[in-house]
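Single-structure report; data block below.
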Amino acid sequence: MNIEQEKISDEQLDRVSGGTAEQTADDSRFLNSLNGSTNRYGAFKISIERYDDKIAEAWAALGVTAVIHTGNLFYGGSDNEYYIGTKKVTQFDARHHAMKVVGKQMKYNEWHY
Numbered sequence: 130m131n132i133e134q135e136k137i138s139d140e141q142l143d144r145v146s147g148g149t150a151e152q153t154a155d156d157s158r159f160l161n162s163l164n165g166s167t168n169r170y171g172a173f174k175i176s177i178e179r180y181d182d183k184i185a186e187a188w189a190a191l192g193v194t195a196v197i198h199t200g201n202l203f204y205g206g207s208d209n210e211y212y213i214g215t216k217k218v219t220q221f222d223a224r225h226h227a228m229k230v231v232g233k234q235m236k237y238n239e240w241h242y
């Protein structure tokens, strides 16, 4: 097995992971590090305290319409949806759009801690 062939990019990972409260928690971490527009929320806190509207508003201020599907403690939710204009995009693409709007580029380890 070739280890280099086993590595996947953030974009590939984004397409197979995410959704539910954990995906929304990642949104809060990213947006907090990018421009301070949200607090950093963990998945458990998001699933019981409902920050969906605050996170969607923070995305909207950056030109991204986010449809949040966090779920709750009993139902895991489904993948969030992201749109730039009318075009549906991945979370990865939404992040890159937001970074361009703000003029700040960040690597995954710079916001995901």
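Numbering-wise (our numbering), the sequence shown opens with residue 130 and increments by one. Glycine residues also receive a C-beta, built at the ideal position from the N, C-alpha and C atoms. As the structure is a computational prediction, the values presented were derived from the model and not from experiment.
Asked                                                                                                                                                            : Found
Opposite residue 210 in the DSSP bridges: which residues?                                                                                                        : 196
Assign residue 139 to one of two classes, buried (16 or more other C-beta atoms within 10 Å of its C-beta) or exposed (fewer than that).                         : With a pLDDT of only 48 at residue 139, under the threshold of 50, the placement of this residue in the model should not be trusted, and no figure is reported.
Sorted by chain position, which residues of the same chain lie with C-beta nearer than 6 Å to residue 186's C-beta, five sequence neighbours on each side aside? : none
Using C-beta distances below 6 Å, list every residue in its chain close to residue 194, excluding the 5 sequence neighbours before and after it, in chain order. : 212
Per DSSP, what kind of secondary structure is residue 228 in: helix, strand or coil?                                                                             : helix
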